[in-house]
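Residue numbers for the sequence shown follow the numbering used here, so the first one is 67 and each next one is one higher. Reading through the structure tokens given below for one structure.
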Amino acid sequence: MIIKQKGTYDIYGDLAKKRAYVDEILASISEKYNYGYIETPVFESSELFHRGVGESTDMVQKETYDFKDRGDRELTLRPEGTAGVVRWFIENKLYGNMTDPVKVFYNMKMYRYERPQSGRNREFTQWGFECFGSDDVMSDAEVISLAYNAYRLLGLDDVTIKINSLGDAESRSIYREELIKYFKPHINDLCEDCRERLNKNPLRILDCKVDADNDLLKNAPKTLDYLNEESKKRFEDLKNLLDMMDINYEIDERLVRGLDYYNHTVFEVVLNNSYALGGGGRYNGLVETLGGPSVPAVGFAMGYDRTILAIEEQGINIPINDSIDAYILYVSESEKETASYIVQDLRLNGFIAETDLMEKSLKAQFKSVDRFNSKYLIVLNDEELKQNKLTIKDNKTKEEESINLNDLVDYLDMHL
Ligand code: HAM
Numbered sequence: 067m068i069i070k071q072k073g074t075y076d077i078y079g080d081l082a083k084k085r086a087y088v089d090e091i092l093a094s095i096s097e098k099y100n101y102g103y104i105e106t107p108v109f110e111s112s113e114l115f116h117r118g119v120g121e122s123t124d125m126v127q128k129e130t131y132d133f134k135d136r137g138d139r140e141l142t143l144r145p146e147g148t149a150g151v152v153r154w155f156i157e158n159k160l161y162g163n164m165t166d167p168v169k170v171f172y173n174m175k176m177y178r179y180e181r182p183q184s185g186r187n188r189e190f191t192q193w194g195f196e197c198f199g200s201d202d203v204m205s206d207a208e209v210i211s212l213a214y215n216a217y218r219l220l221g222l223d224d225v226t227i228k229i230n231s232l233g234d235a236e237s238r239s240i241y242r243e244e245l246i247k248y249f250k251p252h253i254n255d256l257c258e259d260c261r262e263r264l265n266k267n268p269l270r271i272l273d274c275k276v277d278a279d280n281d282l283l284k285n286a287p288k289t290l291d292y293l294n295e296e297s298k299k300r301f302e303d304l305k306n307l308l309d310m311m312d313i314n315y316e317i318d319e320r321l322v323r324g325l326d327y328y329n330h331t332v333f334e335v336v337l338n339n340s341y342a343l344g345g346g347g348r349y350n351g352l353v354e355t356l357g358g359p360s361v362p363a364v365g366f367a368m369g370y371d372r373t374i375l376a377i378e379e380q381g382i383n384i385p386i387n388d389s390i391d392a393y394i395l396y397v398s399e400s401e402k403e404t405a406s407y408i409v410q411d412l413r414l415n416g417f418i419a420e421t422d423l424m425e426k427s428l429k430a431q432f433k434s435v436d437r438f439n440s441k442y443l444i445v446l447n448d449e450e451l452k453q454n455k456l457t458i459k460d461n462k463t464k465e466e467e468s469i470n471l472n473d474l475v476d477y478l479d480m481h482l
């Protein structure tokens with residue numbers, strides 16, 4: 067038997083219905099914030115993600131699905147959405163004449179070779195939001211508020227937004243030196259990867275999964291202590307705006323995020339201090355890194371599968387429809403022809419209708435009615451049909467009525 071790959075799963079049944087409900091809410095909030103839909107290819111050149119996300123990140127070192135196609139091109143399945151969206155932004159020269167920001171959202175599958183566990187998969191979905199062209203903290207606040215309100219609309223009222231600032235290039239370079247100074251004497255207490263990271267990219271030591279519980283990491287210098295005046299002011303301004311917007315945030319001085327492209331604002335959404343339900347931040351250098359001009363940008367991605375798990379764990383009810391409106395029962399060939407007409411008519415009029423497709427006996431059709439949890443049963447009978455009539459029965463009250471065939475749609479409209 068061929069089985070699905072580790073870290074992947076099939077989406078069907080109730081899960082599919084729940085996802086459709088969550089999609090609807092997220093699409094509607096994206097619209098309110100005036101973000102337009104975008105979809106980028108599942109695979110892109112490896113260079114895009116390696117350069118965009120950062121060669122020394124765990125994601126690129128250990129998690130990307132890299133492969134060569136039959137034309138010997140080096141390709142990568144997208145591990146995240148931002149780099150692809152930036153490629154699109156540059157390729158279409160959307161940076162020319164930017165009088166308003168370019169705002170897009172996506173709902174895409176991502177691929178990371180991670181150790182699968184609850185809420186962590188190798189194929190997973192992100193709903194992401196990217197805003198290009200504004201360096202105003204107002205746009206950081208907008209993206210954070212979009213994230214916050216999306217979780218609240220889904221019923222996750224207790225989420226906390228953890229925020230931090232990595233500062234601008236100058237602040238980061240001072241901070242980098244401090245980290246090297248701090249870690250160097252203890253280099254042998256760190257894992258092999260971290261030893262490599264020390265000179266190449268010391269910030270990455272802070273999100274090492276192997277050394278995560280090492281006190282050395284916990285007590286490391288904090289970014290906020292190394293911000294220059296301008297970066298400090300930005301962070302203060304952001305906090306003021308978030309206060310104005312009544313957003314429940316916490317400062318987390320240890321938050322650095324696992325991707326290289328961030329500067330200034332970084333944030334994550336958590337529930338009960340467990341894993342991140344989403345994360346994002348400002349990435350003013352990425353458009354330039356990937357070959358475009360210097361364009362400021364900020365964004366966020368929701369871990370969609372984790373969010374649905376959290377909704378379930380919190381006992382929040384996701385309304386899913388588990389019934390149909392009408393089931394049409396028949397026996398003879400001529401009743402079958404009428405059934406085909408009625409079921410078509412009902413569906414075109416907006417009702418969820420079913421009839422027998424398995425040449426079942428009438429008794430077995432009654433069992434289908436219960437399995438489908440049908441609100442009404444329509445029993446066809448040649449004698450009645452001759453007078454253009456049919457019998458409709460309310461499956462709950464068991465009351466039945468003989469009505470004119472032409473009145474069926476009106477009848478259901480009135481009763482449902
Ligand atoms: P990220 O933090 O790598 O950021 O991913 C965002 C969210 O995706 C995570 O907080 C988590 O909820 C979910 N996620 C990540 N890996 C997995 C996995 N293996 N299984 C299930 N869920 C997962 C980014 O990807 C950035 N591109 C976000 C961003 C957009 N920054 C700016 N714009």
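We put the beta carbon where it would ideally sit given N, CA and C, even for glycine.
Residue burial annotation: Ser239 is exposed, with fewer than 16 other C-beta atoms found within 10 angstroms of its C-beta.
For Pro167, the number of other beta carbons within 10 angstroms of its own is at least 16, and it is reported as buried. Nearest Cα to Ile104 within the set Arg85, Leu337, Val151: Val151.
In the DSSP assignment, His330 falls within the beta strand (DSSP E) that extends over 329-336. At least one heavy atom of the ligand HAM lies closer than 7 Å to the C-beta of Gln192.
By the neighbour-count criterion, in which a residue is buried when 16 or more other Cβ atoms sit within 10 angstroms of its Cβ, Ser231 is buried. Short of 8 Å from the beta carbon of Asp132, and not among the five residues preceding or following it, lie these beta carbons of its own chain, in chain order: Ser112, Glu140, Leu141, Thr142.
Under a 10 Å Cβ-count criterion, Tyr407 is classified as exposed, with fewer than 16 other Cβ atoms of the shown protein chains found around its own Cβ. Comparing alpha carbon positions, the residue from Ala207, Met176, Ser184, Gln183 closest to Trp193 is Met176.
Across the structure, Arg144 and Phe109 are spaced so that their CA atoms are roughly 6 Å apart. Looking at the DSSP output, Ser468 shares a beta bridge with Thr457. Taking 3 residues as the shortest admissible run, the segment 356-390 contains the following complete beta strand (DSSP E) segments, listed from N- to C-terminal end: 363-369. Using a Cβ-Cβ distance cut-off of 8 Å, the segment 303-318 and the segment 206-220 are in contact, since at least three pairs of beta carbons, one from each stretch, lie closer than that value.
For Thr148, the closest of Tyr328, Val276, Tyr217, Lys284 by C-alpha to C-alpha distance is Tyr328. Between the ligand HAM and Leu325, a heavy atom-to-CB distance of less than 7 Å is present. Shortest gap from the CB of Thr355 to any heavy atom of the ligand HAM: 7 Å or more. Rounded to the nearest whole angstrom, the CA to CA distance from Asn163 to Leu81 is 44 Å. Rounded to whole angstroms, the gap between the alpha carbons of Ile253 and Arg270 is 14 Å. Rounded to whole angstroms, the separation of the alpha carbons of Leu337 and Phe249 is 31 Å.
Distance between Gly344 and Tyr78, taken at the CA atoms: about 24 Å. By the neighbour-count definition (other C-beta atoms within 10 Å, threshold 16), Ile377 is a buried residue. Here the C-alpha atom of Tyr214 lies approximately 15 Å from the C-alpha atom of Met204. Segment contact: the segment 373-393 against the segment 81-94, three or more CB-CB distances shorter than 8 Å; contact assigned. Ala367 has its Cβ nearer than 7 Å to a heavy atom of the ligand HAM.
Of all alpha-carbon atoms in Thr130, Lys284, Met368, Gly347, the one lying nearest the alpha-carbon of Gly185 is that of Met368.
Around the beta carbon of Asn187, a 10 Å sphere encloses 16 or more other beta carbons of the protein chains shown; the residue is thus reported as buried. Restricted to the segment 239-308, the alpha helix (DSSP H) segments that are unbroken, complete and at least 4 residues in length are 258-266, 281-284, listed in chain order. In the three-state reduction of the DSSP assignment, Met176 falls in the strand class.
The Cβ atoms of Leu219 and Ile95 sit closer than 8 Å to each other. Annotation for Ala342 indicates a beta carbon within 7 Å of some heavy atom of the ligand HAM.
Counting along the chain, Phe198 sits inside no alpha helix (DSSP H); it lies in the beta strand (DSSP E) bounded by residues 189-198. Note that the C-beta distance between Asn439 and Asp391 is not below 8 Å. A Cβ-Cβ contact shorter than 8 Å links Phe417 with Leu478. Collapsing the DSSP output to three states places Phe171 in a strand. For Tyr103, the distance from the CB to the nearest heavy atom of the ligand HAM is not below 7 Å. Ranked by Cα distance from Leu446, the first of Asp436, Thr457, Val353 is Thr457.
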